[in-house]
Amino acid sequence: MTLAIERRETVAIVGPSGAGKSTLLALLAGLDVPTAGEVWLAGQPLSRLDEDGRAALRAAHVGFVFQSFHLVPSLTALENVMLPLELARRGDARGAAAALLERVGLGARAGHYPRQLSGGEQQRVALARAVVGRPAVVFADEPTGNLDAASGERIAQLLFELNASAATTLVLVTHDRELAARCGRVLAMDGGRLA
Amino acid sequence: MRLLMLASRSLLREWRSGELAVLLASLTVAVAALAGVGFLVDRIGRAVTAQAGEVLAADLRLESDEPLAADAEQAARDGGLATSRLTTLLSVVFHGDASQLANVRAASAGYPLRGMLTTAAEPFGAGTPTRALPGRGEAWPDSRLAAALGVRVGDRLGVGALTLQVTRILIARPDQGSAFVEFAPALLIDDADLAASQLLQPGSRARFALLLAGEAPALQRFRAWQAAHARPGVRLADVADASPQIGDAAVRAARFLALASLVAVLLTAVAVAMSARSYVQRHLDGVALLKTLGASRAFVLAHSVLQLLALAVAATVIGSVIGWLTQRWLLAALAGLLRTDLPPAGWAPVFAGLAVAVAMLAARLAIALVARGTLGEWRLSLQFLAGLGAAAALLAAGGYGLLRLARRWRAAAPTGWRYGLASLGRRRAESVAQVVAFGLGVLLLALLAILRGELLRDWRTRLPADAPNYFFLNIPVAERDAFRARLQSEGARVERLLPMVRGRLVAINGRPMSALHFDSPRASNFAEREQNLTWAQELGDDNRVIAGRWWSAADTGRPLVSVAEEFAEALGLRLGDTLRFDVAGESIEVRIASLRKVRWDSFRPNFFLVFPPGLLEGTAGTYLTSARFEPRSPGALAALVRAYPSVSVFNVSDLLAQVRAVIGKAAVAVQSVFVFTLCAGLTVLLAAVQASREERRYEMAILRVLGARRRLLLRNLLTEFAVIGLLAGVLAASGAALGGALLARTLELRYHFEPGLWLLGVAGAVALVAAGGWAATRSVLSSPPSRLLR
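Shown next, in the form of structure tokens:
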């Protein structure tokens with residue numbers, strides 16, 4: 001397949017289970033390397049970088065939101081949000097992270113550990129963590145999949161709001177047709193191909 | 196049936212998920228370590244015992260002044276023991292006009308059951324070892340007897356009603372001992388000739404001995420049989436009775452080996468506890484599920500027990516095989532050092548391994564029982580365990596406190612370090628458990644290292660190459676100085692000369708000995724026989740006062756006595772007790788002023804009972820000394836004997852060699868068991884690190900997705916493990932120093948604190964835990980970040 005996603009575009013990838021959505025997302029984000037073909041991210045050919053090179057690229061240009069949140073259990077909400085800035089060695093991680101937590105409505109819970117937060121709250125922390133480094137692209141893998149309707153709606157709202165204000169590219173994998181419809185482009189996948 | 200199927204099916208499921216594999220692996224390593232050390236300790240321990248047995252020419256001796264009933268020998272043979280009869284009596288031996296009082300020893304086939312006789316063609320010649328015994332009509336006089344009678348090989352000797360032909364000269368026998376109860380020279384004859392000699396008459400002072408040798412359980416069974424069929428005047432003697440020197444070395448080696456086994460058991464316990472933690476946690480979730488599905492409590496319990504049992508059995512089988520192979524390989528590598536063949540491996544370690552695996556999994560607290568069941572030194576084990584319990588509590592408290600501190604620092608720490616510290620802080624229970632586990636592991640290994648070092652050093656310095664090899668007894672007072680001068684002029688290094696008088700203990704605290712009853716053979720020996728007494732102003736450096744005080748010049752002539760620990764223990768004597776002795780018809784009552792620990796293996800003259808000067812000088816006595824003496828020719832010694840006919844000469848070179856052999860073997864045992872335990876300990880600790888792998892793998896993957904480089908992840912891991920290692924190391928090294936000081940006493944060592952060793956312990960723990968943690972979790976560094984998607 002050939003696929004180009006432009007700067008500031010919002011793209012939803014939909015399709016039945018096993019269609020290859022997550023594999024595509026992993027390849028686009030440089031979490032995996034294709035056996036054939038090439039993926040370019042932020043102007044760099046991913047398969048020509050080593051693990052550390054791709055990690056550095058992710059640190060500089062990529063944010064992630066996962067279906068099951070994947071916060072670091074040993075760090076507080078604030079420390080989780082600070083992590084991308086610290087990994088990219090940027091200054092004032094604490095201030096930027098605190099501000100962003102405030103924005104997602106968790107200013108009061110900055111010192112809590114993931115296990116002390118509800119699912120919706122954890123995903124809001126994850127969202128803050130994804131955008132805190134002002135990445136060029138945010139990849140979201142079923143961001144509302146594990147949440148109840150109300151929390152899911154809140155996350156969706158925040159996701160698009162933050163995306164718009166930071167002018168980032170958003171690539172979203174979802175089952176949720178409503179969520180997909182809010183994106184600028186919808187890609188349907190089946191049997192490993194774009195339909 | 197339903198239960199069995201369900202249990203096996205869920206076991207299979209858990210196996211497929213890979214969770215069980217980690218637990219099974221660490222359990223297997225643990226059992227292998229335990230079984231390996233167990234096999235080794237078992238085999239080397241038996242080799243040391245067998246070597247020590249040489250001094251008795253047997254493992255056990257049943258002795259009596261009356262002929263022994265045949266049932267004892269029958270019982271011993273039925274129990275699988277090798278036996279031999281040995282009858283000794285004093286008789287005059289004739290050669291032409293010459294005659295000499297000799298100790299006639301009639302031995303039956305098999306003698307000596309341990310060690311070898313050495314014989315030569317001429318007195319004091321260089322002997323060659325032999326398995327033969329004099330046949331019927333033959334006699335082997337020892338060098339002293341041959342020299343005294345002037346006989347040569349081929350001559351005839353008259354013994355009782357018999358005339359025997361001298362076919363060899365006896366140079367050494369393993370059981371010549373150091374107790375010098377036999378002053379007379381020896382003549383070895385065939386047991387079958389004894390009756391024909393008509394020496395055994397009613398009232399003849401003969402001693403009858405049944406020599407026994409075999410495996411420890413068989414010996415134990417015979418001891419039990421003997422206890423049940425005790426007859427007055429019949430006593431069992433073991434190595435410690437025959438030679439305190441060798442008994443001492445064997446006992447200390449056995450204690451060290453027992454400690455090493457205990458350490459292996461404990462390391463195993465620690466490791467299994469570590470890896471069982473997370474498994475049990477997850478298993479409990481499954482149990483909760485079964486309960487919601489309506490399973491009864493009994494069903495759930497049986498289900499869990501069955502599963503764990505299956506796991507334990509599997510680990511035991513695999514672990515025992517690995518352990519057995521390892522010790523085989525180790526012994527093959529050590530074969531050159533050990534020289535003699537070791538007895539084959541026993542089954543005990545396998546059962547110990549199974550017991551531990553089952554006990555650990557079923558109730559992770561059964562250590563104490565297992566340790567007690569597998570080790571004879573149970574009192575030592577219990578003390579040791581109590582100490583370790585305290586150490587574990589201290590480690591936990593220390594670990595907890597230090598982790599709290601680490602949590603405070605972490606806000607100030609840079610990213611990589613902060614993440615490591617944060618992991619520690621969050622998994623606080625886990626981290627404390629790890630500090631305790633590693634701490635105990637390092638503590639045990641450091642303790643073993645300290646004791647090993649002290650023991651080996653002590654053994655090396657105790658028996659110098661030029662230790663005295665001759666004893667000279669019955670030196671007349673008038674000839675004392677001349678004799679010493681003569682010896683020195685022959686190039687001998689002469690030790691102290693001590694006076695010696697014979698006396699009998701007749702009362703303790705005013706109660707006559709006849710009114711007192713003693714159970715132990717040793718005590719009755721002390722109580723009934725004449726004792727050798729001496730007096731001295733100075734205390735030799737091979738004697739140490741352990742209670743009371745040694746006398747000063749002002750105490751000269753006061754009625755005091757200093758008693759050796761063994762003598763006091765056997766008779767239950769305390770400081771301040773009064774003893775009455777009958778010395779050459781004169782009664783003398785003295786108070787115990789001090790108890791002494793005697794280093795018998797100094798091979799210098801030593802006595803159980805020492806009096807202050809000015810008390811016994813009136814009694815007629817003789818002198819005794821020992822010396823390092825290398826006669827320039829065989830004739831030199833014979834000439835000395837002729838010049839001082841009343842002096843008895845004892846060559847203890849063979850005993851010295853025996854002690855050296857036992858110590859050498861014990862040292863190799865201690866060394867190799869230590870090295871093996873060390874390796875086992877490291878392996879087991881590594882297995883314990885594996886337990887937290889899954890969790891780490893997950894966190895590493897998150898960090899990787901967020902763009903962390905490998906170096907940062909590595910720093911995280913190392914920080915975490917290094918902090919655990921540092922905490923464990925500081926606490927463990929301090930604990931080991933303390934434990935070493937306490938334990939050194941039971942091994943009769945003097946402990947010196949070594950700051951270098953302490954530092955080495957700390958540094959070792961940090962390096963060990965960091966390296967171990969790195970090795971065990973290295974693979975998570977490259978765990979693919981894509982696994983976080985779904």
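Heads up: the protein sequence lines correspond to chains A and B, in order. Okay, so the first sequence: first residue is 1 according to this note's numbering, each after it adds one. Okay, so the second sequence: first residue is 196 according to this note's numbering, each after it adds one. From the three backbone atoms N, C-alpha and C, an ideal C-beta is built for every residue, glycine too. Only a predicted model underlies this, so the values are computations on that prediction, with no experimental measurement involved.
7 Å or more divides the Cβ of aspartate 849 of chain B from the Cβ of serine 797 of chain B.
By the C-beta density criterion, phenylalanine 948 of chain B is exposed, having fewer than 16 other C-beta atoms within 10 angstroms. Sorting B/Leu921, B/Ala509 and B/Arg769 by C-alpha distance to the C-alpha of glutamine 629 of chain B places B/Leu921 at the top. Within chain A, no residue has its beta carbon less than 7 Å from that of leucine 922 of chain B; the closest one is some 18 Å off. Under the three-state reduction of DSSP output, leucine 922 of chain B falls in the helix class. At a cut-off of 7 Å between C-beta atoms, valine 900 of chain B counts as an interface residue with respect to chain A. Neighbourhood of isoleucine 517 of chain B in chain A, by CB distance below 7 Å: empty, with the nearest CB roughly 36 Å away. Taking 8 Å as the cut-off between beta carbons, the residues of the region 49-64 of chain A near chain B are Glu51, Asp52, Ala55, Ala56, Leu57, Arg58, Ala59, Ala60, Val62 and Phe64, in sequence order.
Remark: three or more beta-carbon pairs, one from each stretch, lie closer than 8 Å, so the region 395-408 of chain B and the region 259-270 of chain B are flagged as touching. The straight-line gap separating the alpha-carbon atoms of glutamate 812 of chain B and alanine 731 of chain B is approximately 11 Å.
Along the region 619-683 of chain B, the beta strand (DSSP E) occurs as fully enclosed runs of 3 or more residues at 665-671, listed in sequence order. Proline 318 of chain B has its alpha-carbon roughly 24 Å from the corresponding atom of valine 689 of chain B. Rounded to whole angstroms, the Cβ separation of leucine 106 of chain A and alanine 77 of chain A is 6 Å, and the two are in contact under 8 Å.
Around the CB of arginine 339 of chain B, 16 or more other CB atoms lie within 10 Å, so the residue is classed as buried. For isoleucine 897 of chain B, the closest Cβ of chain A is nearer than 7 Å. Secondary structure note for arginine 416 of chain B: its alpha helix (DSSP H) is the uninterrupted segment 411-423.
Exclusion of the five residues before and after aspartate 273 of chain B leaves no residue of its chain whose Cβ lies closer than 7 Å to its Cβ. For the options B/Gly634, B/Arg523 and B/Leu328, the alpha carbon positioned closest to that of leucine 589 of chain B is the one of B/Gly634.
For alanine 302 of chain B, the closest alpha carbon among the candidates B/Arg280, B/Gln421, B/Leu700 and B/Leu711 is that of B/Arg280.
Nearest Cα to leucine 768 of chain B within the set B/Pro307, B/Ala718 and B/Val793: B/Ala718. For a cut-off of 8 Å, the C-beta gap from glutamine 67 of chain A to glutamate 142 of chain A is around 4 Å, short enough to register as a contact. One finds Thr610, Leu898, Leu901, Gly902, Ala903, Arg904 and Leu907 in chain B with Cβ atoms closer than 9 Å to the Cβ of leucine 87 of chain A, taken in chain order. Fully contained in the region 264-314 of chain B are the following alpha helix (DSSP H) runs of length 4 or more, in chain order: 265-273. Annotation note: the region 734-821 of chain B contains the following uninterrupted alpha helix (DSSP H) runs of length 4 or greater, listed N- to C-terminal: 760-766. Taking 7 Å as the cut-off, the beta carbon of arginine 744 of chain B is found no closer than this to the beta carbon of lysine 792 of chain B.
If you look at glycine 152 of chain A, you'll find it in the alpha helix (DSSP H) that goes 149-166.
With respect to the 7 Å criterion, valine 672 of chain B and threonine 729 of chain B are not classified as neighbours on the basis of their beta carbons. Note on the region 71-95 of chain A: there is no whole beta strand (DSSP E) run with a minimum of 3 residues. According to the DSSP assignment, glutamine 123 of chain A belongs to the alpha helix (DSSP H) that extends over 119-131. Within the region 70-84 of chain A, contact with chain B at the beta-carbon level (separation under 8 Å) is assigned to His70, Leu71, Val72, Pro73, Ser74, Leu75, Glu79, Leu83 and Pro84. Contact check for valine 778 of chain B against threonine 814 of chain B passes: the beta carbons are separated by less than 7 Å. Using beta-carbon distances, alanine 26 of chain A counts as an interface residue toward chain B, with a partner under 7 Å. Against serine 626 of chain B, chain A offers no close residue; the least beta-carbon distance is about 11 Å (beta-carbon pairs closer than 8 Å).
The beta carbon of leucine 31 of chain A sits closer than 7 Å to some beta carbon of chain B. DSSP places alanine 917 of chain B within a helical segment (H, G or I) once states are collapsed to three. Residue nearest to glutamine 295 of chain B within the set B/Pro336, B/Gly924, B/Gly305 and B/Thr283 is B/Pro336 (criterion: CA-CA distance).
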